[in-house]
Amino acid sequence: MTQSGDAMKKLYSHIQILTQETAEVVDEDVLWEGLMRFVHEPEKFNDQVKSCTVTPGAGDRAGTVFDRTLDFGSHRVKETVYLNESARLMEFHVQETKDYPSSCLRMEISRTTQQLPAVTFTYFAHSEPKVPASLRPLIEQAWEQKDKAILERILLDKLDSDEH
């Protein structure tokens, strides 16, 4: 899809597997639709995002590339989102700022060997975070919690839409 793996090194990867009970409500299509809402409305998934502007990118790839500016109040983050619906894959390429290094988050929907829907979240950057090694597990835990919260929001939205 992009050169995230070529230009950047993998920092961390984890998989969130839906339970059998959740899989009865949320399949790969529902996950994709939910992740597309995350692309277009990230403020509904993260209270720290005050607002977001999403515009179509690369005119020759309509519907597959989006530029986003996320306003966190104290700072803004600009990124480009690349979508590959047939592969159930999306990448978020964050532009470097004086306060924030460039990075990439890849989300890939798949099925486990037990046929449960899952999303693999992989984080890339040009270099390791400049934090003491003792804090690295906390960063990874924060990534996992954020990613799990995205999937929980998708499930709650699906349950809410089924009730109406």
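Reading the sequence shown from the start, the letters are residues 0 to 163 in numbering that gives the first Met the number 0. Glycine is no exception: its CB is placed at the ideal position from the N, C-alpha and C atoms.
Reduced DSSP category for residue i - H, G, I as helix; E, B as strand; rest coil
i      : result
Phe44  : coil
Ser85  : helix
Glu20  : helix
Pro116 : strand
Short Cβ contact (8 Å threshold) for residue i with residue j
i      : j      : result
Arg67  : Glu84  : no
Val24  : Leu154 : yes
Pro116 : Leu17  : yes
Asp146 : Phe123 : no
Glu95  : Tyr81  : no
Leu34  : Met106 : yes
Gly72  : Phe65  : no
Gln19  : Leu150 : no
Limits of the unbroken alpha helix (DSSP H) element including residue i
i     : result
His39 : 27–39
Segment limits, beta strand (DSSP E) that includes residue i
i      : result
Gln144 : First-last for Gln144: 135–162, but that is the alpha helix (DSSP H), not the beta strand (DSSP E).
Glu107 : 102–110
Thr68  : 64–70
Pro55  : 50–55
Cβ-based neighbour list, residue i, same chain, cut-off 7 Å, excluding 5 preceding and 5 following
i     : result
Val76 : Leu69, Val93, Tyr99
Neighbourhood of residue i by C-beta distance below 8 Å, restricted to the same chain and skipping five residues each side
i     : result
Ala6  : His125
Trp31 : Glu84, Arg87, Ile108
Ser12 : Thr119, Phe120, Thr121, Tyr122
Asp26 : Pro116
Val48 : Pro41, Glu42, Leu69, Asp70, Phe71
Test: residue i CB closer than 8 Å to a CB of chain D
i     : result
Asp26 : Although the question refers to chain D, the structure presented lacks it and comprises just one protein chain.
**Message:** When you compare the stretch 118–128 with the stretch 41–48, are there three or more beta-carbon pairs, one atom per stretch, that lie closer than 8 Å?
**Reply:** Cβ pair count under 8 Å is below three, so no.
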